[in-house]
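Here is the structure we will look at.
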Amino acid sequence: MSLDEGFFARVYALVRRVPRGRVVTYGQVAAMLGVPRGARAVGWAMRALPEEMAARVPWHRVVGTGGRISPRRGPGPEIQRRRLRAEKVAFRGGCVDMTRHGMLYESFARSERASV
DNA sequence: CAAGTGACGTAGA
DNA sequence: GTCTACGCCACTT
């Protein structure tokens with residue numbers, strides 16, 4: 012498997028920096044990595060997140076556009092909601108209230124650039 | 001190299 | 001508001 016390097020690793024490295032109580036969208040992550048339309052690839056990366064990395068990568072802070080929790084088989088979505096709620100993230104309907112918890116693309120991208 | 005796969009996003013109906 | 005149909009991308013086979 013080549014998941015230790017390449018796009019996936021970059022996705023993990025970025026997601027790892029999302030602060031508690033905040034969320035980012037798949038599209039934002041892709042855009043920040045220089046692939047404006049790679050949202051789907053980011054989803055693929057999250058799906059392939061190795062178990063041992065799950066502890067270091069706050070995957071639950073990655074949501075779909077509009078704060079939607081991407082449906083998939085298994086308890087994933089449920090766990091994700093629980094973890095977010097544990098971080099005091101507010102939900103509106105079934106979606107994360109992005110106006111409160113969504114990361115601003117600009118500031119996040121800027122901090123990333125500065126830290127690299 | 002070609003085809004298949006999905007934790008996406010958007011436009012339409 | 002919901003549901004469908006495509007396009008997109010990285011990665012696998």
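Numbering-wise (the numbering used here), the first sequence opens with residue 12 and increments by one. Note that CB positions come from ideal geometry on N, CA and C, so glycine has one too. Everything numeric in this text was worked out from a predicted model, so none of it was measured.
Original post:
For Gly77, which three-state DSSP category applies?
Top reply: Here Gly77 sits in helix by DSSP.
Subject >> Buried or exposed by the 16-neighbour rule on C-beta atoms within 10 Å, applied to Ile80 >> reply: Buried, by the Cβ-count rule.
Original post:
Looking only at DSSP bridge pairs, what is Phe9 linked to?
Top reply: Examination of residue 9 is not possible in this model, given that the chain is present from 12 through 127 alone.
Subject >> Cβ neighbours of Gln91 in the same chain (closer than 6 Å, five flanking residues each side left out) >> reply: His71, Ile80.
Subject >> Identity of the residue in Ser122, Val74, Arg84, Glu123 nearest Met105 by Cα >> reply: Going by the sequence as given, residue 105 is Gly instead of Met. Of the listed residues, the one whose Cα sits closest to Gly105 is Val74.
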